[in-house]
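Visitor: Using our numbering, count along the sequence shown one by one with no gaps and you end on 345.
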Amino acid sequence: MRVMREALYWEPLEGGKVRCKLCPLNCIISEGKRGSCRIRKNIGGKLYTLNYGKVSAIGADPVEKKPLFHFWPGSCALSISTVGCNMHCKHCQNWEISQADETFPYLHDMTPEMVVEITKRYGCESIAYTYNEPVIWYEFVLDTAKLAKKEGIYNLLITNGYINEEPFRELAPYIDAMNIDIKAFSDEFYMKIASVPSGEPSRRTAVIAKKDFGIHVELTYLIIPTLNDKEEEIRAFARWVVNELGDDTPVHFSRFFPHYKLLHLPPTPLETMDMAYRVAKEEGLKFVYIGNVPGHPGENTYCPRCGRPLIVRYGFEITEYNITEDGRCKYCGEKIPIVGTYKKKHYPGMWW
């Protein structure tokens, strides 16, 4: 089933060129050429998407792996990915697929109906569009999300948020939760490390998602030594979250390990991770998490009122849950912003 689809969000230009209007790069693409994402191509003066229905990986994951800590804890997310990305991050952990195109040798052809059927077969409550950047899989994500919504399945977008406002507003009504990767809080980082001009579009997406559509939003900030690990930058990021998204927005600080084109950098020191946690709390964030450090107390959810542990985790596993059915701390009664109730899940281990 090798089917090209005409892309959404583009316009014709003189000389057979087209302008892609899906993401803020707004690539102007000549006949026979591709956009920066490698997966949208000008063919005969029309823009086509080359990855519709092409799945590079699929697996049943705990929702905590996304990471989403405040959305149906313990539930199962069917994670699916394709190829391509509109950023070219030098530290990408999934560069084999994010920097690939439709010639990637391990693609499987699937329809939205097949994805929804597999989700139901394995007892997953949600579909997570993840691993590579789902924005450049826009047409397939939109079609699948619409169908999933009708079937009572949640849609989770694990994304860099780098999308133009109009296409995001079309997709947003079908999205239930997002984890948005904020790469740094400086445009210099985005230019040098992610190969895009600015991080502002990603921040704008987060604000629109939460304020205009009521989507559950969590943020991830990967702390990379020497590049985005300064206290003042992390403090500015935390302050922005409090002011623009609210102090109850979950923020995940993730530990960097050498990967892809940043093999020369060391893993993030634990002292830096602890600094970020402290700074974010000082700026007023109520729910701050430390990722990629198994066993760290920062994996747990604490009551912002009494300080008692509400959700104790080890990695992606919940070992203790102290939130009542109506979403309150069982010790002091404080209302906790958790979507859904705890689902103790046995994961089927399906993966390819």
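Each residue gets a CB set at the ideal place from its N, CA and C atoms; glycine is no exception.
As the structure is a prediction and not an experimental result, all values here were calculated from the model.
(1) Name the DSSP bridge partner or partners of ARG(-2)?
(2) Have a look at ILE331 and ASP267 and give me their C-alpha separation to the nearest angstrom.
(3) Since I believe GLY46 is in contact with GLU24 (beta carbons under 8 Å), could you give me their beta-carbon distance rounded to a whole number of angstroms?
(4) Could you name the residues of the same chain whose beta carbon sits closer than 8 Å to that of GLY192, not counting the 5 residues immediately before and after it, in chain order?
(5) List, from N- to C-terminal side, the beta strand (DSSP E) runs of 3 residues or more that fit wholly inside the region 79 to 131.
(6) Starting from GLN148, follow the beta strand (DSSP E) in both directions and report where the run begins and ends.
(7) Return the chain-ordered ranges of every beta strand (DSSP E) run that is complete within the region 157 to 229 and spans a minimum of 3 residues.
(8) In terms of alpha-carbon separation, which member of GLN92, TYR335 and CYS325 lies closest to GLU310?
(9) GLU225: buried (16+ other C-beta within 10 angstroms of its C-beta) or exposed?
(10) For LEU40 and GLY77, what's the separation of their Cα atoms in angstroms?
(11) Look up TRP352 in the DSSP assignment and give the residues it is bridged to.
(12) Going residue by residue through the region 242 to 314, where are the continuous beta strand (DSSP E) segments of at least 3 residues, counting only ones entirely within it?
(13) Excluding sequence positions up to five away, which residues of its chain have a Cβ less than 7 Å from the Cβ of LEU150?
(14) If we cut at 9 Å on Cβ distances, does PRO166 have a partner in chain D?
(15) Buried or exposed: TYR2, going by 16 or more other Cβ atoms within 10 Å of its Cβ?
(16) Whose CA, out of LYS185, LEU15 and GLY326, lies closest to the CA of GLU163?
(17) Inspect the beta-carbon positions of ILE173 and THR137 and report whether they are closer than 9 Å.
(18) If I'm right that PRO290 touches TYR307 with Cβ under 8 Å, what's the distance once you round it to whole angstroms?
(19) Looking at the strands, I want to know which residues DSSP matches up with ARG321.
(20) Does ASN35 come out as helix, strand or coil in the three-state DSSP assignment?
(21) Cβ atoms of HIS63 and GLU211: under 9 Å apart, would you say?
(22) Express the C-alpha separation of THR112 and LEU100 in angstroms, rounding to a whole number.
(23) Between TYR147 and PHE249, what straight-line distance do the alpha-carbon atoms span, to the nearest angstrom?
(24) When the Cα of ASP240 is compared with those of LEU135, GLN86 and ARG232, which residue comes out closest?
(25) Just the C-alpha distance for TRP345 and MET107, rounded to the nearest angstrom, thanks.
(26) Spatial neighbours of ILE32 within its chain, please: CB distance less than 7 Å, with the 5 preceding and 5 following residues excluded, ordered by chain position.
(27) In angstroms with no decimal places, state the Cα-to-Cα distance between GLU346 and ILE227.
(28) Among THR198, PRO260 and LYS26, whose alpha-carbon lies nearest the alpha-carbon of LEU238?
Guide: Put simply:
(1) Numbered from its first residue, the sequence shown carries residue -2 at position 5. Answer by DSSP bridge pairing, in chain order: THR42.
(2) Counting from 1 along the sequence shown, the entry for residue 331 is found at position 338. Counting from 1 along the sequence shown, the entry for residue 267 is found at position 274. ILE331 and ASP267 have their C-alpha atoms roughly 24 Å apart.
(3) Looking up residue 24 in the sequence shown gives position 31. Looking up residue 46 in the sequence shown gives position 53. Wrong, their Cβ atoms sit about 25 Å apart, outside the cutoff.
(4) For the purposes of this step, residue 192 is identified with residue 199 of the sequence shown, where counting begins at 1. Excluding sequence neighbours, GLY192 sits near ILE175, LYS176, ALA177, PHE178, SER179, ASP180, PHE182 and TYR183.
(5) Whole beta strand (DSSP E) segments, 3+ residues: 119 to 122.
(6) Here the question's residue 148 lines up with position 155 in the sequence shown. Before going on, a small fix: residue 148 reads as Asn here, not Gln. Run containing ASN148: 147 to 152, per the beta strand (DSSP E) assignment.
(7) Within the region 157 to 229, the complete beta strand (DSSP E) runs of at least 3 residues are 170 to 174 and 209 to 216.
(8) Translated into the one-based positions of the sequence shown, residue 310 becomes position 317. Of the listed residues, the one whose Cα sits closest to GLU310 is TYR335.
(9) Position 232 of the sequence shown, counted from the start, is the residue given in the question as residue 225. Of the other Cβ atoms in all chains shown, fewer than 16 fall within 10 Å of the Cβ of GLU225; this residue is therefore exposed.
(10) Here residue 40 is taken as the residue at index 47 of the sequence shown, counted from 1. Here residue 77 is taken as the residue at index 84 of the sequence shown, counted from 1. Note on geometry: alpha-carbon atoms of LEU40 and GLY77 lie some 16 Å from one another.
(11) Examination of residue 352 is not possible in this model, given that the chain is present from -6 through 345 alone.
(12) Considered as a whole, the region 242 to 314 harbours 244 to 248, 281 to 284, 302 to 307 and 310 to 314 as its complete beta strand (DSSP E) runs of no fewer than 3 residues, in chain order.
(13) Translated into positions along the sequence shown, residue 150 becomes position 157. So the qualifying residues of the chain are TYR122, PRO127, ILE168 and MET171.
(14) The question asks about chain D, but that chain is absent: this structure has only one protein chain.
(15) As a first step, residue 2 is located in the sequence shown; it is residue number 9 there, counting from the start. Answer is buried; the Cβ neighbour count reaches 16.
(16) By one-based count along the sequence shown, residue 163 stands at place 170. The shortest C-alpha separation from GLU163 is found at LEU15.
(17) In the sequence shown, counting from the first residue as 1, residue 173 sits at position 180. In the sequence shown, counting from the first residue as 1, residue 137 sits at position 144. No, they are not a contact pair.
(18) Taking the first residue of the sequence shown as 1, we reach residue 290 at position 297. Taking the first residue of the sequence shown as 1, we reach residue 307 at position 314. Separation of the CB atoms of PRO290 and TYR307 is rounded to 11 Å, and the pair is thereby denied contact status at 8 Å.
(19) On the sequence shown, position 328 is the one that residue 321 refers to. LYS328, per the DSSP bridge assignment.
(20) Translated into the one-based positions of the sequence shown, residue 35 becomes position 42. Strand.
(21) As a position in the sequence shown, residue 211 is number 218, starting the count at 1. As a position in the sequence shown, residue 63 is number 70, starting the count at 1. Contact flag set, yes.
(22) Start at 1 with the first residue of the sequence shown, and residue 100 comes out as number 107. Start at 1 with the first residue of the sequence shown, and residue 112 comes out as number 119. Rounded to the nearest angstrom, the two C-alpha atoms are 19 Å apart.
(23) Taking the sequence shown and counting its residues from 1, the one referred to as residue 147 is at position 154. Taking the sequence shown and counting its residues from 1, the one referred to as residue 249 is at position 256. If I take the Cα positions, the gap works out to 29 Å.
(24) Translated into the one-based positions of the sequence shown, residue 240 becomes position 247. ASP240 has its Cα closest to that of ARG232, out of LEU135, GLN86 and ARG232.
(25) Along the sequence shown, one-based indexing puts residue 345 at 352. Along the sequence shown, one-based indexing puts residue 107 at 114. Unreliable positioning characterises TRP345 in this predicted model, as indicated by a pLDDT of 48, which lies under 50. A coordinate reading is not provided.
(26) Working through the sequence shown from its first residue, we reach residue 32 at position 39. Within the same chain, ILE32 has close Cβ partners THR42, LEU43, ASN44, VAL76, GLY77, ASP94, GLU95 and ILE129.
(27) Past the boundaries of the shown model lies residue 346; the chain is included only from -6 to 345, so the question cannot be answered.
(28) Counting from one through the sequence shown, the residue named residue 238 turns up at place 245. Considering only alpha carbons, the answer is THR198.
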